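A short worksheet on the structure shown next.
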Amino acid sequence: MRFVITKRFAEAYRSLPETLRKKANKALRLLVENPRHPSLRLKKIQGAGGIWEARVDKACRMTLEIHSDYFLLRNIGKHDETLGEP
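Start counting the sequence shown at 422; every next residue gets the next number (this note's numbering).
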């Protein structure tokens, strides 16, 4: 699977501190290798259509759509802010 990155995700990712970007990179690698990896806690967001959330760390989430041959990365950042605008 490959990634398609929205402008919003790219901007949010660039604004993350370096330590959080490293954690995000690890989460993205795990997403490709094994989307069901327990540390990702990948699940659909209730009431948001086909948008999913994955855990980067305790306070950080990323949102995405899962398509047949790619992941569309939508947003990344603090838990409540990111899930408020998936």
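Using N, Cα and C, we set each Cβ at its ideal position, and we do this for glycine too.
Small disclaimer: the values here were computed from a predicted structure and weren't measured.
Buried or exposed for residue i, going by 16 or more other Cβ atoms inside 10 Å?
i      : result
Val477 : buried
Thr440 : exposed
Assign residue i to one of three DSSP states: helix, strand, or coil.
i      : result
Lys443 : helix
Gly498 : strand
Lys448 : The residue asked about is misnamed: residue 448 is Ala in this sequence, not Lys. DSSP places Ala448 in helix when its eight states are reduced to three.
Glu474 : strand
Leu504 : helix
Between which two residues does the alpha helix (DSSP H) harbouring residue i extend?
i      : result
Arg429 : Lys428 to Ser436
Cβ of residue i within 8 Å of Cβ of residue j?
i      : j      : result
Glu474 : Lys464 : yes
Phe430 : Ile497 : yes
Lys499 : Ala480 : yes
Leu397 : Ile466 : Here the chain comprises residues numbered 422 to 507, so residue 397 is not present and cannot be evaluated.
Arg435 : Tyr491 : no
Check for me: the beta strand (DSSP E) holding residue i runs from which residue to which?
i      : result
Met483 : Cys481 to Ile487
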